[in-house]
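Residue numbers (my numbering), protein chains in the order written: chain A, 19 to 342; chain B, 15 to 316.
Built from N, CA and C at the ideal position, the CB exists for glycine as well.
Remember, predicted model here, so these are calculated numbers, not experimental data.
Okay, so here's the structure we're looking at.
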Amino acid sequence: MPPPLANTTPDAPLLDPDDPWRGQSRLSAVAEFVAPILLALCGLVTVLTTLGILAVLVVQSVEFFAAAGIGVGDFLFGLELRPGARPPRFGVLPLVWGTFLIAFGASCVALPIGLLSAIYLSEYAPRGVRAVLKPTLELLAGVPSIVYGYLALLLVTPALKAALEPLGLRVDHFNAVSACLVVGMMIVPSVSSLSEDVLSAVPQGLREAAYGLGATKFEVSTRIVLPAGLSGVAAAFILAVGRAVGETMAVVLAAGTMARFTLNPLTSVETMTTYIIQVVGGEASYGSPKYLSLFAVGLTLFAITLALNVLSNLVLRRYREVYR
Amino acid sequence: MSVESAGRFHPRRRSRALAGPVFAAACLLATLTGVLALAVLTLAVVAAAASDGGLIDLLHRLAVNPQSGDPARAGFRVGIVGSAWLLALTALIGIPTGVGAGVFLEEYMPAGRLKGAIQTNIANLAGVPSVVYGILGLAVFARAFGVSGLALGPSLLAGALTLSLLILPTIVVTTQEALRTVPPSLRHAAMALGATRWQVVAGHVLPSALPGILTGTILGLSRVVGETAPLLMVGAAGSLLRPPRGPMDRYSALPVEIYNYAKEPDPAFQAVTAGGILILVALLLSMNAVAIVIRDRFRRRR
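This is the structure:
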């Protein structure tokens with residue numbers, strides 16, 4: 019019902035006592051003022067988390083170097099890790115080597131599988147198949163690492179023993195190969211999903227030009243689309259290597275705890291993540307050099323994964339600039 | 015075309031036509047390896063669990079019994095209750111914080127160098143290994159840098175706080191993505207009718223971004239159920255005989271108990287571990303499937 023048009027000059031607003039808006043202004047004014055502050059505090063938590071991680075790792079690492087009486091050089095370039103020996107040796111290199119071995123092996127599994135699967139999803143898969151496969155692969159990415167570790171113990175290591183021991187090769191119960199295989203399978207979804215995003219973003223005109231010159235689908239996929247998206251694929255790959263470096267439970271269960279330099283992947287190796295879990299689960303008391311060493315190893319691990327993440331972002335940004 | 019260059023033209027049609035299907039098959043196979051691996055895993059786990067007798071009996075026994083050194087009486091009751099507690103506490107702490115941070119960054123914060131820095135920081139936090147979050151939780155929540163009044167010790171609350179920080183990047187990023195899909199015309203229309211900024215956000219933008227936020231939240235929470243390493247760091251107990259009664263109580267979690275059973279050298283524990291893995295995977299896959307279905311339905315509607 020429109021109001022009568024007689025009194026259209028707005029002199030004093032008449033407040034209707036039944037007006038549902040009456041009395042809300044003060045409350046909403048408070049909400050208007052308080053809400054952004056609360057939300058900003060939530061945003062601050064993300065910054066504080068990073069600062070907290072850095073502070074904890076650096077402060078406790080300094081404490082470790084003081085308590086153990088060794089220098090940063092002895093730690094970073096030390097070839098021996100024997101916290102129980104007299105005097106104890108805290109060289110991080112055996113752990114770095116173990117981590118490198120696992121990450122390298124996992125990449126050898128994940129790179130070809132992830133890349134081929136990305137090419138399939140972006141170039142070959144019909145729309146319907148893609149609509150089913152993509153969510154399924156996302157589902158796989160949600161399987162936790164302890165499950166992969168158990169898979170290594172239950173299936174991969176026995177299978178390796180059955181296949182290699184008749185050939186005269188000794189396979190340890192805990193070995194690097196089965197850890198590489200399961201960690202590789204674990205990081206396939208992240209390689210393939212990020213690479214697929216990148217390959218799908220390659221301009222359609224490039225493909226059409228190649229088809230116009232008589233190229234087959236195989237040639238378009240491998241010689242046009244893949245080179246065009248190469249730096250994006252590289253970024254996805256670096257990110258996945260970072261995940262393999264930080265991977266914990268699968269490696270703890272599959273690769274064991276022997277910190278040493280070895281080129282034989284059928285024996286046990288120890289990674290940085292395994293060492294950290296090992297120290298916390300052991301009987302070393304809080305504040306002892308052995309216990310504090312986990313923070314120094316954690317700092318090393320954090321620095322390596324951060325460097326890989328930053329590198330991946332730089333490469334990806336360069337890729338995006340090319341096709342803007 | 016001259017005769018000379020025609021002689022140098024080798025289309026190699028046959029080999030090129032052959033390479034295509036072979037390559038396509040290899041690509042398809044690579045795509046399916048993950049699915050195949052999961053299928054093999056499930057079969058092997060079911061076989062290992064069923065080696066003990068009836069599968070249903072086993073799962074029932076595992077859900078009812080607490081941890082035990084006797085494989086015939088071992089179960090995951092304490093861990094399942096502990097994981098449920100962790101899930102609830104982390105949801106209470108982590109979801110409001112994460113969604114709040116996402117709303118602040120997307121709706122309030124002006125674009126600029128500071129916002130860019132915060133965004134980069136969040137992207138990097140998402141790549142920090144979970145065991146490093148465990149170290150953070152150990153030093154800050156469980157030990158409080160040695161200040162005994164503030165230290166939470168190996169309590170549920172310390173575990174939940176650690177896991178909340180762990181899932182924060184996931185929730186912030188998905189909240190932001192969901193908010194970005196809300197058309198600006200909706201905000202403009204509400205503002206034109208006199209709504210204040212907070213009324214626009216709370217009354218219009220958040221409700222229409224809700225399905226996307228929900229997806230990210232469930233994906234984040236499913237990590238809470240599966241994460242093991244940070245809980246080992248902040249002191250989830252290996253063997254407890256009674257479930258926790260409050261947030262300050264000692265606790266265990268399903269994946270932590272699985273880890274302990276998996277380390278047992280006695281092969282009689284294999285069925286117990288396999289049963290635990292089955293419970294865990296079923297729980298996680300159903301959580302993730304719900305999240306993905308919500309998101310896909312939401313995408314299709316728009």
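Asked	Found
Proximity winner among A:Y304, A:R338, A:L332 and A:L212, relative to B:A158 (alpha-carbon distances)	A:Y304
Whether A:L158 touches B:G48 by CB criterion (8 Å)	yes
Beta carbon proximity, A:C60 to chain B, threshold 8 Å	yes
Residues near A:L284 in its chain [Cβ-Cβ closer than 8 Å; skip 5 each side]	L178, L182, L187, R188, V189, D190, N193, A194 and V195
Separation of B:V239 from B:Q133, as counted between CA atoms	27 Å
Closest by C-alpha distance to A:G160, when choosing among B:K129, B:L180, B:E120 and B:R237	B:R237
Distance between beta carbons of A:S125 and A:E214, contact taken as under 8 Å	Actually they do not touch by this definition, with Cβ atoms about 18 Å apart.
Below-8 Å beta-carbon distance, A:A249 vs any chain B residue	Looking at the sequence provided, one finds Ser at residue 249 of chain A rather than Ala. Closer than 8 Å: no.
Whether B:A172 touches B:T195 by CB criterion (8 Å)	no
Buried versus exposed, by CB contacts within 10 Å (16 or more), B:A14	There is simply no residue 14 of chain B to check, as chain B begins at 15 and stops at 316 in what is shown.
Under 9 Å (Cβ pairs) to chain A, residues found in the stretch 209-224 of chain B	T210, R211, W212, Q213, V215 and A216
Against chain A: residues of the stretch 101-118 of chain B by CB proximity under 9 Å	P110, T111, G112, V113, G114, A115, G116, V117 and F118
Cβ-based burial, A:M267 [other Cβ within 10 Å; buried from 16]	buried
B:T188: first and last residue of the uninterrupted alpha helix (DSSP H) it sits in	L170 to R194
C-beta neighbour in chain B for A:E156, strict 8 Å	yes
Chain B contact for A:S211 (CB, 8 Å cutoff)	no
Straight-line gap, A:A273 to A:T292 (C-alpha atoms, nearest Å)	9 Å
is_contact[A:E301, chain B] using C-beta, thresh 8 Å	no
Alpha helix (DSSP H) segment containing B:F155, residue limits	Per DSSP, B:F155 belongs to no alpha helix (DSSP H) and is neither H nor E.
4 or more residues per run - each alpha helix (DSSP H) lying fully within the stretch 126-203 of chain A	145-159, 163-169 and 175-182
Residue burial classification, A:M204 (beta-carbon count within 10 angstroms, cutoff 16)	buried
Under 8 Å (Cβ pairs) to chain B, residues found in the stretch 164-182 of chain A	I164, V165, G167, Y168, L169, L171, L172 and L173
Segment contact, 8 Å Cβ cut-off, at least three pairs: the stretch 205-217 of chain B with the stretch 81-89 of chain B	no
Interface partners of A:K235 on chain B, CB under 7 Å	G34
B:F137 versus B:S178 - alpha carbon distance	The residue you asked about is not Phe; residue 137 of chain B is Ala in the sequence shown. One C-alpha to the other measures close to 16 Å.
Chain A residues whose Cβ lies nearer than 8 Å to that of B:R311	Within 8 Å Cβ-Cβ: nothing; B:R311 doesn't reach chain A, min ~12 Å.
Min CB distance B:N302 to chain C below 8 Å	Annotation note: the requested chain C is absent from the structure, which comprises protein chains A and B.
Cβ-based contacts, 9 Å cut-off: residues of the stretch 74-99 of chain A near chain B	V74, L75, V77 and Q78
Beta-carbon separation (whole angstroms), B:T184 vs B:T229, contact threshold 8 Å	Their Cβ separation, rounded to whole angstroms, is 11 Å, which puts B:T184 and B:T229 out of contact at 8 Å.
Cβ-based neighbour list, B:L246, same chain, cut-off 8 Å, excluding 5 preceding and 5 following	G148, V270 and Y273
A:N107 - partner residues in DSSP beta bridges	One point to set straight first is that residue 107 of chain A is Arg, not Asn, in the sequence displayed. Paired residues: A:R100.
Interface flag, A:G316 vs chain B, CB-CB below 8 Å	yes
Contact check, A:N209 vs A:G247, beta carbons under 8 Å	Checking the sequence shown, residue 209 of chain A turns out to be Val, not Asn. Cβ atoms of A:V209 and A:G247: not closer than 8 Å.
The stretch 48-57 of chain A in contact with the stretch 116-133 of chain B per 3-pair CB rule at 8 Å	yes
Rounded separation between B:V95 and B:G68 - CA only	24 Å
Every unbroken beta strand (DSSP E) within the stretch 254-308 of chain A, with a cutoff of 3 residues, ordered by chain	none
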